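Colleague: Please find one structure pasted underneath; my questions will follow.
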Amino acid sequence: MPKISKYLKSLSEEELIDEIKKLHKLFPDVREYYQGELIDGGEEELLKRYKKIIKDEFLPDRGWGDAKLSVARKAANDFIKLSRNNRNAAEIMIYYVEIGVKYTNAYGDINEPFYASMEKMYQKAVYYVIEHGLKDVFVERLKKMVENTENIGWGFHDDLGDMFSEFFPNVPIR
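Going by my numbering, the sequence shown runs without a break in its numbering and finishes at 217.
See below:
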């Protein structure tokens, strides 16, 4: 970082503006970042777009999704990096797992890597929700996910239930 800081400090205001314009033109992630920062409701639009990527990967409105974990997980993680709103970041993590649960309930047991990915994101979401004081906002959805995994294999239900009970000991699960 020291080299980039030194470089940026050496530029005039006009050169800095040109540099940002160039980055904006070259890199879609930079465009999305500034959409979230500068456009009223921009981050909400980005959230919708990234949620659609996740949903379409598993449960598109028409046809069959490709069910590529890497695509859905990348969408969630990319949005988390872009987000400046803790609630939206938690939302995308929770949504990722909710879609995974709906997918497996619709199509039957998947495979161990699928459940491992869902568990990892669920754990990340739980930690994030607690760390950012969002328990009251998301506890019911986190609980519902556990309840909706009751008949899913690979120990998925038990693992999510254990995580939920550890962090929300006073919230009963049916």
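Every residue, glycine too, gets a C-beta built ideally from N, C-alpha and C.
Quick caveat: nothing in here was measured; it's all calculated off a predicted structure.
(1) Just mark Ala132 as buried or exposed, buried being the case when its beta carbon has 16 or more other beta carbons within 10 Å.
(2) Alpha carbon to alpha carbon, how far is Gln166 from Tyr50?
(3) The alpha helix (DSSP H) with Asp61 in it runs from where to where?
(4) State the DSSP-derived secondary structure class of Arg105, mapped to helix, strand or coil.
(5) May I have the straight-line CA-CA distance separating Tyr158 from Glu75, to the nearest angstrom?
(6) Going by CA-CA distance only, name the one from Glu174, Thr147, Leu112, Ser208 that's closest to Glu183.
(7) Taking the alpha helix (DSSP H) that Asn120 falls in, what are its first and last residues?
(8) Measure the C-alpha to C-alpha separation of Ile96 and Lys145 and round it to an integer number of angstroms.
(9) Are the Cβ atoms of Gly176 and Val189 separated by less than 8 Å?
(10) Mark Tyr170 as exposed unless 16 or more other C-beta atoms lie within 10 angstroms of its C-beta, in which case mark it buried.
(11) Let me know if Ile142 comes out buried or exposed under the rule of 16 or more other beta-carbons within 10 Å of its beta-carbon.
Modeller: Walking through what the data contain:
(1) buried
(2) 39 Å
(3) Its alpha helix (DSSP H) spans residues 56-69.
(4) coil
(5) 30 Å
(6) Ser208
(7) 112-125
(8) 15 Å
(9) Going by C-beta atoms, Gly176 is not nearer than 8 Å to Val189.
(10) exposed
(11) A buried status is given to Ile142, since no fewer than 16 other beta-carbon atoms sit within 10 Å of its beta-carbon.
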